[in-house]
Each structure stands twice: as C-alpha cells, then as structure tokens.
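Counting in my numbering, the sequence shown runs from 178 upward without gaps. Glycine is no exception: its CB is placed at the ideal position from the N, C-alpha and C atoms. Only a predicted model underlies this, so the values are computations on that prediction, with no experimental measurement involved.
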Amino acid sequence: MAQLTINLLEGSVSFSCPPETVSAMQGAIATLMQDLKATAIQGTTPGQRPQPKPSLDYCYTGSVFLELFCNPNIYPSPFAAKVLITLRDDKIRISAEAELTRLIEDLNQYVEQLEAEAR
C-alpha cells in the first residue's frame, strides 16, 4: 500500500493509506471548497450575511485512525483555510494543522504517484 504524506504547518506525517480513502477525502474536500467559495462570494454582498455551512469532519479507520476537521464558516477564503488533522494508532497520537491548499496538493501528488507506479 502506498504511503500518503501530509505536509503540516511544521513538518510532515506519512502513513499507509488505500487509494479509495484518498478518493473519498478528495470528494469531501471538494465539497468543503465549494462551501468556502460560496461563503467568500456571499461575504462580498453588502448587507447580506452568509448562510452557515457544515464543517468538514472526515474520518478514516484502517491501520491508523485519521480525522480531518475544518469549519468553513471561520475562513474568508479557501486560501486562508486550515484543516485540523488527527492521526493516531494504539501507540501515538498526532494533532496538527495543515493548510487546505497544501493538503489538496498532497492528495493529488499521492494519486499521481499511484498512476506513475501503475505504468
């Protein structure tokens, strides 16, 4: 199984992750991006308060437990958004933030790596 590397604000973390999980994360993040973009657009309309959007709360349980959390209502744009990442197993727990745009790049890089290995 390929290693997924997530670059955090300081440092990085790598773990085994199946391709299906990365696809599911990409789908959840795509929804979050739509919500962030909609909030940014609504925020530019004078006198109109943006509608609250649901938080990203994605969990994966496999060889490790991974949780991604982001509240789109507190960021002015997708470029400012950060994702809280919790990664744990029975021996260690890591909680750190990652930039949303960097997380998207990390997931895309993982998919590209899988495609290159398949050739």
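- Secondary structure of SER200, DSSP reduced to three states: Locating residue 200 in the sequence shown gives position 23, counting from the first residue. Of the three classes helix, strand and coil, the one that applies to SER200 here is helix, per DSSP.
- Message: Give me the residue from TYR287, GLU292 and LYS259 with the minimum Cα distance to GLU276.
- Response: Counting from one through the sequence shown, the residue named residue 276 turns up at place 99. Ranking TYR287, GLU292 and LYS259 by Cα distance to GLU276 puts LYS259 first.
- Mapping DSSP to helix, strand and coil, what is GLN290? For the purposes of this step, residue 290 is identified with residue 113 of the sequence shown, where counting begins at 1. Looking at GLN290 - three-state DSSP - the assignment turns out to be helix.
- Is the region 197-210 touching the region 284-293 in the sense that three or more CB pairs, one from each, lie closer than 8 Å? yes
- Following the continuous beta strand (DSSP E) through GLN180, name the residue where it begins and the one where it ends. For this step, residue 180 is matched to residue 3 along the sequence shown. 180-184 is the extent of the beta strand (DSSP E) around GLN180.
- Message: One question on the structure: do SER193 and SER240 come within less than 7 Å of each other, judged by their Cβ atoms?
- Response: Residue numbering aside, residue 193 sits at position 16 when the sequence shown is read from its first letter. Residue numbering aside, residue 240 sits at position 63 when the sequence shown is read from its first letter. In this structure, SER240 lies closer than 7 Å to SER193 by Cβ.
- Task: Would you list the one or two residues that DSSP bridges to ILE262?
- Result: The count along the sequence shown starts at 1 and reaches residue 262 at position 85. LEU245 and ALA273, per the DSSP bridge assignment.
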